[in-house]
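**Student:** Chains as they are written, first to last, in this note's numbering: chain A, 3 to 132; chain B, 3 to 132.
For glycine and all other residues, C-beta sits at the position ideal for the given N, C-alpha and C.
Attaching a single structure in structure tokens format; questions to follow.
2 protein chains.
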Amino acid sequence: MQIGEISDRSDISVRMLRYYEAKGLLRPHRTESGYRDYSPDDLEEARRIRQLANAGLTVEAMHDLLPCIISPEPTFHPCDRLRARLEAEIAKLDRKISDMERSRAQIAAYLEGLPCEGRRDSAILSSETA
Amino acid sequence: MQIGEISDRSDISVRMLRYYEAKGLLRPHRTESGYRDYSPDDLEEARRIRQLANAGLTVEAMHDLLPCIISPEPTFHPCDRLRARLEAEIAKLDRKISDMERSRAQIAAYLEGLPCEGRRDSAILSSETA
DNA sequence: CTGCACCCTGACAGCGCTGTTAAGGTCAAA
DNA sequence: TTTGACCTTAACAGCGCTGTCAGGGTGCAG
Chain A
3 MQIGEISDRS DISVRMLRYY EAKGLLRPHR TESGYRDYSP DDLEEARRIR QLANAGLTVE
63 AMHDLLPCII SPEPTFHPCD RLRARLEAEI AKLDRKISDM ERSRAQIAAY LEGLPCEGRR
123 DSAILSSETA
Chain B
3 MQIGEISDRS DISVRMLRYY EAKGLLRPHR TESGYRDYSP DDLEEARRIR QLANAGLTVE
63 AMHDLLPCII SPEPTFHPCD RLRARLEAEI AKLDRKISDM ERSRAQIAAY LEGLPCEGRR
123 DSAILSSETA
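Here it is as structure tokens:
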């Protein structure tokens, strides 16, 4: 698959796909003429990247995290450092999640009491999935 | 209180406190000589700002959200627009939270199976900052 | 009055991310 | 062979955020 198709199927702009590659995530091979040629696995990885990006992770964090997520078989890697890195990243995620949930609750609570349109009938704001 | 103390107590740098003010969040009054003079309420607001910032919200989003969080009495405000804005922001938060939780779970799962601390060592981490 | 710690504004600079544009190559279909 | 869609790299540009530095004022304590 070439980059345009990957872009469509991963919801990542062409620009960003190239950027991620420049940063060392995602390494599609190339056709003889230099076109990027993505495998289905590459597409999977692209989607994971988007997920991590949506979660607010930096490219640098993804760089450490992706090799873990991409395959279920951990290999090589200096373990102490990696483990520490992952634990740190999880801690950061937890902090962020907690902050977001608190913020969400406050906004939702406020919304609940909003003296708006005719009345508050269907207060649909306890959705949890996306 | 002056800015340095607020900075200490809110964990927001002096630079960022001024930045938030420039952006229209937080409006401490000034002493005759021009010093910012923060009230305890301002400190509270600063902490909320930090929380929202930690949650990954932009200043622009905070600008819409803060007046809701800051006081329990919603007033004025073009309600339809505000309501829509808040709901959108909540949806965005939900998406982000969901992505983060999924990412967290994957990392944690990987960490679980890490063949470490008493095991093989090997290659160097390719820390390449392209 | 002198120091020193703190404050002020303004500007420059850098990072991370993202879009856009320019100049040009590839490929398949007409 | 020409056309048009798609690809390539490289560079510029902008936004949001954040640190830092310069040049200067304020305020309190010695």
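#1: Taking the alpha-carbon of A/Leu68 as reference, which of A/Glu34, A/Pro42, A/Ala90 and A/Leu27 has the nearest alpha-carbon?
#2: Along chain A, which residues have their Cβ under 8 Å away from the Cβ of B/Lys98?
#3: Return the residue from the list A/Ala24, A/Thr33, A/Glu103 and A/Ser35 that minimises the CA-CA distance to A/His65.
#4: Going by other Cβ atoms of all chains shown within 10 Å of its Cβ, with 16 needed for buried, is A/Arg97 buried or exposed?
#5: Measuring only between beta-carbons, confirm whether B/Arg106 sits less than 8 Å from chain A.
#6: Just the Cα atoms here: how many angstroms apart are B/Arg85 and B/Glu47?
#7: Taking C-beta pairs closer than 9 Å, name the residues in chain B that A/Ala110 reaches, listed in chain order.
#8: From A/His31 to A/Leu59, what distance separates their C-alpha atoms?
#9: Tell me the residue span of the alpha helix (DSSP H) that contains A/Tyr2.
#10: 8 Å is my cut-off, CB to CB: does B/Gln53 come that close to chain A?
#11: Look at B/Leu88 and A/Ile109 and say whether their C-beta atoms are less than 8 Å apart.
#12: Examine chain B for any beta-carbon lying closer than 8 Å to the beta-carbon of A/Pro76, and answer yes or no.
#13: So, A/Leu45 versus A/Met18, is the Cβ gap smaller than 8 Å?
#14: Answer yes or no: does any C-beta atom of chain B fall closer than 8 Å to that of A/Leu95?
#15: What are the boundary residues of the alpha helix (DSSP H) that B/Asp43 is part of?
#16: Under 8 Å, do B/Tyr40 and B/Ile14 count as touching if we go by C-beta distance?
#17: Apply the 10 Å Cβ neighbour rule to B/Ala111 and answer buried if 16 or more other Cβ atoms are within range, or exposed otherwise.
#18: Quick check on the burial criterion: 16 or more other C-beta atoms within 10 angstroms. Buried or exposed for B/Asp10?
#19: In angstroms with no decimal places, state the Cα-to-Cα distance between B/Gly115 and B/Ser105.
#20: Does B/Ala35 pass the burial test, meaning 16 or more other C-beta atoms within 10 Å, or should it be called exposed?
#21: Along the alpha helix (DSSP H) that carries A/Ser12, what are the first and last residues, could you check?
#22: Whole angstroms are fine: how far does the CA of B/Arg49 sit from the CA of B/Met102?
**Tutor:** Here's the rundown:
#1: Translated into the one-based positions of the first sequence, residue 68 of chain A becomes position 66. Of A/Glu34, A/Pro42, A/Ala90 and A/Leu27, the residue nearest in Cα terms is A/Leu27.
#2: In the second sequence, residue 98 of chain B corresponds to position 96, counting from 1. Within chain A, the residues near B/Lys98 are Asn56, Ala57, Gly58 and Met102.
#3: Taking the first sequence and counting its residues from 1, one reaches residue 65 of chain A at position 63. Ranking the options by Cα distance to A/His65, first place goes to A/Ala24.
#4: By one-based count along the first sequence, residue 97 of chain A stands at place 95. Answer is exposed; the Cβ neighbour count stays below 16.
#5: Here residue 106 of chain B refers to the residue found at position 104 when the second sequence is read from its first residue. By this cut-off, B/Arg106 is an interface position.
#6: Here residue 85 of chain B refers to the residue found at position 83 when the second sequence is read from its first residue. Here residue 47 of chain B refers to the residue found at position 45 when the second sequence is read from its first residue. About 21 Å.
#7: If you number the first sequence from 1, residue 110 of chain A lands on position 108. Ordered by position in chain B, the residues that pass the 9 Å Cβ test against A/Ala110 are Leu88 and Ile92.
#8: Here residue 31 of chain A refers to the residue found at position 29 when the first sequence is read from its first residue. Here residue 59 of chain A refers to the residue found at position 57 when the first sequence is read from its first residue. Going from the Cα of A/His31 to the Cα of A/Leu59 covers about 25 Å.
#9: The structure shown does not extend to residue 2 of chain A, since chain A is modelled only from 3 through 132, so no value can be given for it.
#10: Within the second sequence, the letter at position 51 stands for residue 53 of chain B. Yes, its Cβ sits closer than 8 Å to a Cβ of chain A.
#11: Counted from its first residue, the second sequence places residue 88 of chain B at position 86. Counted from its first residue, the first sequence places residue 109 of chain A at position 107. Yes.
#12: Indexing the first sequence from 1 puts residue 76 of chain A at position 74. Residue placement at A/Pro76 cannot be trusted, given a pLDDT of 49 that sits under 50; what the coordinates show is reported in the next sentence. True, the Cβ-Cβ gap to chain B drops below 8 Å.
#13: Taking the first residue of the first sequence as 1, we reach residue 45 of chain A at position 43. Taking the first residue of the first sequence as 1, we reach residue 18 of chain A at position 16. No, they are not a contact pair.
#14: Here the question's residue 95 of chain A lines up with position 93 in the first sequence. For A/Leu95, the answer is yes, since a Cβ of chain B falls inside 8 Å of its Cβ.
#15: For this step, residue 43 of chain B is matched to residue 41 along the second sequence. First-last of the alpha helix (DSSP H) with B/Asp43: Pro42 to Asn56.
#16: The residue given as residue 40 of chain B occupies position 38 in the second sequence. The residue given as residue 14 of chain B occupies position 12 in the second sequence. No, these two residues do not count as a Cβ contact at 8 Å.
#17: Locating residue 111 of chain B in the second sequence gives position 109, where the first residue counts as 1. Under this definition B/Ala111 is an exposed residue.
#18: Here residue 10 of chain B refers to the residue found at position 8 of the second sequence. Label assigned to B/Asp10: exposed.
#19: Stepping through the second sequence from its first residue, residue 115 of chain B is reached at position 113. Stepping through the second sequence from its first residue, residue 105 of chain B is reached at position 103. Between B/Gly115 and B/Ser105, the C-alpha separation is close to 16 Å.
#20: Translated into positions along the second sequence, residue 35 of chain B becomes position 33. Note on residue identity: the sequence assigns Ser, not Ala, to residue 35 of chain B. Exposed, since its Cβ has fewer than 16 Cβ neighbours within 10 Å.
#21: Taking the first residue of the first sequence as 1, we reach residue 12 of chain A at position 10. Taken as a continuous stretch (DSSP letters only), the alpha helix (DSSP H) holding A/Ser12 covers Ile5 to Ser12.
#22: Position 100 of the second sequence, counted from the first residue, corresponds to residue 102 of chain B. Position 47 of the second sequence, counted from the first residue, corresponds to residue 49 of chain B. So the alpha carbons of these two residues sit roughly 23 Å apart.
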